[in-house]
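A.B. asks: Sharing a structure, written as structure tokens. Questions coming.
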Amino acid sequence: MEKIASFTIDHIKLQPGVYVSRKDKVGAETVTTFDLRMTSPNEEPVMNTAEVHTMEHLGATFLRNHPTYKDKTIYFGPMGCRTGFYLLLAGDYRSADIVPLIVEMYEFMRDFQGEVPGASPKDCGNYLDMNLNMAKLLAARYLDQVLYHISENRLIYPV
């Protein structure tokens, strides 16, 4: 079997950043998949499910309500390895194009107050697995350590 694209990235060299993972054609439209890598794979601890789940709810709510990107958002969700998130947008983008959106989304997560959207038994299949405080802490860390001063080598996958 052919190795899928995401398994061809050298995860030993991969550092937190915002990467274009792939671009696919769906009819006439391009769909860009982004790798929002929050932790260094195989080097530092992965995120726990409660904070990842919380960030998924907050990020999806933010994106699907964003004035510019709500109709371009196809998917936002966690990586199975729990080192980051995938974001799929309709359109042909570079990583640098969406950094302002990602900063805005993670500031929304960091500053969020109140009940996590969709965190109820009626709305979510695992609503008790949430940790808002830790999600806010991880969002702040990603902003401070990566997004606010992102360099070119954190926008393009390592070779």
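Oh and the sequence shown: position 135 is 134 in numbering that gives the first Met the number 0, straight run, nothing missing.
Even glycine gets a Cβ: it sits at the ideal position worked out from N, Cα and C.
May I ask you to list the residues that DSSP assigns as paired with L87?
C.D. replies: Counted from its first residue, the sequence shown places residue 87 at position 88. In DSSP, L87 forms a bridge with T32, Y74.
A.B. asks: At the level of alpha carbons, what is the spacing between N41 and M108?
C.D. replies: In the sequence shown, the residue the question calls residue 41 occupies position 42. In the sequence shown, the residue the question calls residue 108 occupies position 109. So the alpha carbons of these two residues sit roughly 25 Å apart.
A.B. asks: Hey, could you find the ends of the alpha helix (DSSP H) K135 is sitting in?
C.D. replies: As a first step, residue 135 is located in the sequence shown; it is residue number 136 there, counting from the start. It spans 131-144 - the alpha helix (DSSP H) in which K135 sits, taken as one unbroken run.
A.B. asks: Does the pairing of the region 48-58 with the region 122-138 give three or more beta-carbon distances under 8 Å?
C.D. replies: In short, these stretches touch, since the Cβ pair count reaches three.
A.B. asks: Our contact map puts F84 next to G124 with C-beta atoms below 8 Å; I'd like the distance itself, whole angstroms only.
C.D. replies: In the sequence shown, counting from the first residue as 1, residue 84 sits at position 85. In the sequence shown, counting from the first residue as 1, residue 124 sits at position 125. At roughly 19 Å, the Cβ-Cβ gap does not stay under 8 Å, so F84 and G124 are not in contact.
A.B. asks: With distances taken Cα to Cα, identify the nearest neighbour of G26 among I11, Q14, G90.
C.D. replies: Here residue 26 corresponds to residue number 27 of the sequence shown, with the count starting at 1. Out of I11, Q14, G90, G90 has the C-alpha closest to the C-alpha of G26.
A.B. asks: Specify whether the region 141-155 and the region 3-19 touch according to this definition: at least 3 beta carbon pairs, one from each stretch, less than 8 Å apart.
C.D. replies: With the cut-off at 8 Å, the region 141-155 and the region 3-19 touch.
A.B. asks: Using only the alpha-carbon positions, how far apart do F6 and L35 sit?
C.D. replies: The sequence position of residue 6 within the sequence shown is 7, counting from 1. The sequence position of residue 35 within the sequence shown is 36, counting from 1. If I take the Cα positions, the gap works out to 16 Å.
A.B. asks: Which residue or residues does DSSP assign as beta-bridge partners of K69?
C.D. replies: If you number the sequence shown from 1, residue 69 lands on position 70. According to DSSP, K69 bridges with nothing at all.
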